[in-house]
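Chains as they are written, first to last, in UniProt numbering: chain A, 1 to 342; chain B, 1 to 342; chain C, 1 to 342; chain D, 1 to 342. Note that the Cβ used here is the ideal one computed from N, Cα and C, for glycine as well. Data block below; observations after.
There are 4 protein chains.
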Amino acid sequence: MAVRVAVAGASGYAGGEILRLLTAHPEVEVGTLTGNSSAGQRLGALQPHLPPLADRVLEATTAEALDGHDVVFLALPHGRSAAIAERLGDGVLVVDCGADFRLRDPAAWERFYGTPHAGTWPYGLPELPGAREALTGSRRVAVPGCYPTTVTLSLFPAFAAGLVEPDVVVVAASGTSGAGKALKPHLLGSEVMGSMSPYGVGGVHRHTPEMVQNLSAVAGEPVTVSFTPTLAPMPRGILATCTARVRPGVDGERLREAYEKALAAEPFVHLLPEGQWPSTAAVYGSNTVLVQVAYDEAAGRAVVVGALDNLTKGTAGGAVQSMNIALGIPETTGLPTTGVAP
Amino acid sequence: MAVRVAVAGASGYAGGEILRLLTAHPEVEVGTLTGNSSAGQRLGALQPHLPPLADRVLEATTAEALDGHDVVFLALPHGRSAAIAERLGDGVLVVDCGADFRLRDPAAWERFYGTPHAGTWPYGLPELPGAREALTGSRRVAVPGCYPTTVTLSLFPAFAAGLVEPDVVVVAASGTSGAGKALKPHLLGSEVMGSMSPYGVGGVHRHTPEMVQNLSAVAGEPVTVSFTPTLAPMPRGILATCTARVRPGVDGERLREAYEKALAAEPFVHLLPEGQWPSTAAVYGSNTVLVQVAYDEAAGRAVVVGALDNLTKGTAGGAVQSMNIALGIPETTGLPTTGVAP
Amino acid sequence: MAVRVAVAGASGYAGGEILRLLTAHPEVEVGTLTGNSSAGQRLGALQPHLPPLADRVLEATTAEALDGHDVVFLALPHGRSAAIAERLGDGVLVVDCGADFRLRDPAAWERFYGTPHAGTWPYGLPELPGAREALTGSRRVAVPGCYPTTVTLSLFPAFAAGLVEPDVVVVAASGTSGAGKALKPHLLGSEVMGSMSPYGVGGVHRHTPEMVQNLSAVAGEPVTVSFTPTLAPMPRGILATCTARVRPGVDGERLREAYEKALAAEPFVHLLPEGQWPSTAAVYGSNTVLVQVAYDEAAGRAVVVGALDNLTKGTAGGAVQSMNIALGIPETTGLPTTGVAP
Amino acid sequence: MAVRVAVAGASGYAGGEILRLLTAHPEVEVGTLTGNSSAGQRLGALQPHLPPLADRVLEATTAEALDGHDVVFLALPHGRSAAIAERLGDGVLVVDCGADFRLRDPAAWERFYGTPHAGTWPYGLPELPGAREALTGSRRVAVPGCYPTTVTLSLFPAFAAGLVEPDVVVVAASGTSGAGKALKPHLLGSEVMGSMSPYGVGGVHRHTPEMVQNLSAVAGEPVTVSFTPTLAPMPRGILATCTARVRPGVDGERLREAYEKALAAEPFVHLLPEGQWPSTAAVYGSNTVLVQVAYDEAAGRAVVVGALDNLTKGTAGGAVQSMNIALGIPETTGLPTTGVAP
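Below, the structure written as structure tokens:
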């Protein structure tokens, strides 16, 4: 019998991607779709790339509308998930694509979001040590941020093996869909095409404490992260360049061995053959993460580059992957591992 | 038992898209892959977006290498298919993505291609009247060109209903993958980004006689086509704007009725609701064609705009759709109807 | 002594381009800059590509603020120019980049704009027969729309020589800056990158009557124009493909002769050598228009393609060119004829 | 009397940009243009954005063809400049846009280029301490690489003031023109649009020793540079994110003061107001560099972002700026400080 799924926030980019994946998921039946200002509209007018659902009409986002489903995906602005979630029954699997339940440290939450901390849910990054166990059977999942997914999957093998110093520099480029459908001047096509620009520089981006949390947990010691996100002229994709000084005695061979070992069994994270580097194009619309690592002897640094699709593995695909685990469906079900390229 | 499929020309854009679709096709097992200059290389180095097939090694394109499969897709340069096809057994389904067997008129072939005509195979545009019957059980299929697919599906309802004059103007924009992986200066990223440019202007593009053939067949009289293709700064997608003078007494309502009737049962061709226009973004990676029609009273013209993905419905998706029909597999099997957007 | 110039609407794309050109104009001193919601802001925050003017602060758009200049450029939303213009003295050269004073037929204005007609000013397309004379010494100029500039310059030689039928089909692709800085969902970078889409289909685009007016005047008889604009994934540029049936006896040679003759003396409109086609990349930031013409014998049509930069020759460059003529400054002063490419 | 200038390598992207700037330079007359495989072709067929020079025909690149000019710009592949330069008279100003004469350390040259070191010429980065003096009257100039220009101008104020540790991490995004017009598969538009990808990772990019040389000279001690370049989906522009740990006692205020002081008098390098960040769009076609600095207290790092146009300030503009200084022409002559945006 099909799993019945509702999606709150179906008019946005994350909501649209969740629906794209769910329509191809063999165990799922798409139920209620909700929106905020778009309530009452046909989905076809909002998400013209989803013809099979074109005639669905969005309802307002209320607990009542979302009731009666096995799974509810929340793709809402940050801070909106808690109020809805607490009104959904404990037996419903709630998968939150917002930030609300990602951080364990209330102080970090309050410093970066400025509101009271709503709590902490099992973290939907199955590749982290212990995560699959925590997700199995859970009825609440906090889907990671797109940057933390990229950076954590790029760096955890090095930290798990104790090969690098806990002082990380990350510069990442993101496609514009990472900023959502917000009507802001700097997101206009005229502004972004042909342009690279940074934002949230100097440690102020809200994904920073999430990276710190993940990497510190793997490292077993506090890790600092200098994180600079940049906006790239493409709709989708994140390319994260991550570097840290290597510990004494570490060289390229040891780095590669650690990555091979850590990633060998992962269905969605691929260490590329030596000499081949990731590109966002290769993971367009795919739940795959491509990773490569190099050793810069002169600078004494490991350089790791990871690429993923911010809407797929970075949001909706990671969410569906976690749903699969939580419900006991085989983890890879319904998730594309091939990209749409060129 | 799985249908065993070989792909000749697996290193190119059409070949890569065929493989992307085949890896998601539940009835198919991917067999031999061949290439020309890329023989001996890992597919992962050539098509990094296809991790499930990354370790496959390409063989040289010979009849021997392609032997022993139920289906052989040919994604070769024009003029290369006939020699290979005649050495493959009559029981093998050969699906040719090249132009060699599309045209019925040898003189038209010779005028536009300059070589002897190889013959004519059943035409892989299932939506045309009579096409599904001709494809069922066939062991040879000529996949249409990407522009003719767009233009024919955009205009056949108007001609089938006798609503427009047989003098058509088409201006179409194509993504750069339509030109293949050829190393030509004008296809460099530096040249194409930020640029629109026409090519093959004045009736010299090789897809022109194919459009004339299709539309004349539907119209039951000779149709002239003024076709101007343009290269657009995007990897994929065709947007074709097609216009013809309407016949006396025809108005917007009659046009819409004809399109509704002609397309109602088609799984891959959608007439959009009034007021909504197609975009290539909405069909990125999808086998869907989006169509809209308007009546310009002042100019006395029907204007029809069709959008599709040149690599999916325009090439590989159309090829798989025809394979399904030829083999008696349900026509929509393995074919995405949702696009990857934004 | 420098010509003192004010710009109303300095925060928009047209206003920014006017300022880019004026800062390089040897006869001009940039005076007051005004805006609407941006009044009080530094220009550097709004137009970061103009460092020489970064510290200028925008005033509100009032006749008082604009008073005291030799020239006032109006880059305002349609319908706002008349009220300002009538309060500026007759001795001030007012160059209106809006539509308000372009059309001669009040009925056409009212049908397409829905407001009372404000009047008709000398038309700032110097290349049209008689236009330079009308502009010389004038103190009011109506700058043409970007599409009408492209289409008129592409087709007037054919009509002036009587070579084509008065039934024109135009399909044009425009960069997104043509839609201005408006915060609309379909103009977001996430939506436009990788996408071609039409809009204003079926004769409803407001630039249609302006093309009809221009071409009918040159042809000496009513010309119908089927005009389909499309939005292309690039910030700037228009590529217009224009076609009309040729009159009996007309062939490619006669077409080319007519274009050579009509354009030989034009400083900003270049007929390309045979076999070379225009691209928008080649006119990026330039006041040049590139034109090419072909004869499609099978379809009996002339096909003319014109390319320009919608913000330069299509708006601000055309405006400055007209200003030069009106003031008796050499026409080409301060106007770039080279593009920024690649 | 005009300075007579020849350009060797006029068919490439650097050569084209040099010509774009020279045609607008009031003191210059463009003389001989040469190419390699393009010798004998019209410039109009190779650089269609330069109509004023369209009818020039390229000669083969020989010392004889380049003889008789006051200035010769060399825009040749690396390793080709020395042989030509030594045959040009000592009185001719030779401005080399290649790498041949940039490095002072022969061992570094040989390690990264694999050929014997040709020598060291005065370095064409006027903003570096002492550089203007060295350039004045010189008849040989080595134009810096595009990445070293960006990174050096972004970081020298911090090193000159002794504010940061000599262990730098740089991640930079470049438009595709930085890779030249080479016909390589990964530079095809189909591949680069929508894609970010790294290359030369791990300290192997040839621009690394040049950055080390520049920053070490300013710092007065050896500086290590971890440099990761990435290819961005845009034709032009470099955005470099540069970070280093701050020295004890350094905070945001001291950083900003150092940058304000170091850059106040520079005509082409602008420190943006606090809170505003550079974008490559704002310097498209301009000789301006935009810089901003932030202090990340949690990570203990200064983060500096610089943006420039790799073909203008990063190559051709820097070359013309150095030519101006060498010849005693005012430094800013003929160089645009406004970008073409949006």
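What residues of chain D sit near residue i, judged by a beta carbon separation below 9 angstroms?
i: proline 129 of chain C; result: Going along chain D, no residue has its Cβ under 9 angstroms from proline 129 of chain C, so there is no contact; the nearest lies around 23 angstroms.
First and last residue of the beta strand (DSSP E) that includes residue i?
i: glutamate 210 of chain C; result: Per DSSP, glutamate 210 of chain C belongs to no beta strand (DSSP E); it is in the alpha helix (DSSP H), 208-219.
i: tyrosine 295 of chain D; result: 289-296
i: arginine 4 of chain D; result: 3-8
i: proline 229 of chain B; result: 224-231
i: leucine 74 of chain B; result: 71-74
Which residues in chain D have a C-beta closer than 7 angstroms to the C-beta of residue i? List them in chain order.
i: aspartate 296 of chain A; result: Gly202, Gly203 and Ser226
i: alanine 45 of chain C; result: Gln276
For a contact defined as C-beta to C-beta under 8 angstroms, what are the partners of residue i on chain A?
i: alanine 173 of chain D; result: Ala173, Met196, Thr230 and Ala232
Listing by chain order, which chain D residues have their CB less than 8 angstroms from the CB of residue i?
i: arginine 20 of chain A; result: Simply none; closest approach about 17 angstroms.
i: valine 3 of chain A; result: Ordered by position in chain D, no residue passes the 8 angstroms Cβ test against valine 3 of chain A, which lies about 33 angstroms from the chain.
Given that residue i touches chain C, what residues does it touch there, using C-beta distances under 7 angstroms?
i: glutamate 191 of chain B; result: Ala281 and Pro342
i: arginine 301 of chain B; result: Ser226
i: threonine 23 of chain D; result: Thr338
Contact criterion: CB-CB distance below 8 angstroms. Does residue i meet it with respect to chain A?
i: tyrosine 284 of chain B; result: yes
i: tyrosine 199 of chain D; result: yes
i: leucine 239 of chain D; result: yes
i: threonine 337 of chain B; result: yes
i: histidine 270 of chain B; result: yes
i: valine 305 of chain D; result: yes
Can you tell me whether residue i is buried or exposed? The criterion is at least 16 other CB atoms within 10 Å of its CB, across all chains shown.
i: aspartate 96 of chain C; result: buried
i: alanine 107 of chain B; result: exposed
i: valine 204 of chain B; result: exposed
i: threonine 149 of chain C; result: buried
i: threonine 243 of chain A; result: buried
i: lysine 184 of chain A; result: exposed
i: alanine 265 of chain B; result: exposed
i: methionine 1 of chain B; result: exposed
Let me see if you follow: with CB-CB separation under 8 angstroms, is residue i close to chain D or not?
i: arginine 139 of chain A; result: no
i: proline 185 of chain B; result: yes
i: proline 51 of chain C; result: yes
i: threonine 333 of chain C; result: no
What are the start and end residues of the alpha helix (DSSP H) that includes residue i?
i: isoleucine 18 of chain C; result: 13-23
i: cysteine 146 of chain A; result: 146-160
i: serine 190 of chain D; result: 189-192
i: glycine 44 of chain C; result: 43-46
If the cut is a Cβ gap below 9 angstroms, which residues of chain A does residue i touch?
i: threonine 136 of chain C; result: Those do not exist, as threonine 136 of chain C stays about 35 angstroms from chain A at its closest Cβ, beyond 9 angstroms.
Just to make sure I have the definition right: I need the residues of chain B whose C-beta is within less than 7 angstroms of the C-beta of residue i. Which are they?
i: threonine 243 of chain C; result: Val169 and Ser226
What residues of chain C sit near residue i, judged by a beta carbon separation below 8 angstroms?
i: proline 278 of chain B; result: Ser197 and Pro198
i: leucine 188 of chain A; result: Thr176, Lys181, Leu183, Leu187, Leu188 and Gly189
Show which residues of chain C have a CB atom less than 9 angstroms away from the CB atom of residue i.
i: threonine 150 of chain D; result: Going along chain C, no residue has its Cβ under 9 angstroms from threonine 150 of chain D, so there is no contact; the nearest lies around 17 angstroms.
Using a Cβ-Cβ cut-off of 8 angstroms, state whether residue i counts as contacting chain C.
i: tyrosine 13 of chain A; result: yes
i: serine 177 of chain D; result: yes
i: residue 343 of chain D; result: Any property of residue 343 of chain D remains undetermined from this structure, which presents chain D solely from 1 to 342.
i: proline 48 of chain D; result: yes
i: threonine 288 of chain D; result: yes
Quick check: is the beta carbon of residue i nearer than 8 angstroms to any beta carbon in chain B?
i: proline 235 of chain D; result: yes
For this session: Could you pull out every unbroken alpha helix (DSSP H) segment of at least 4 residues lying fully inside the segment 259-333 of chain C, listed in chain order?
Result: 317-327
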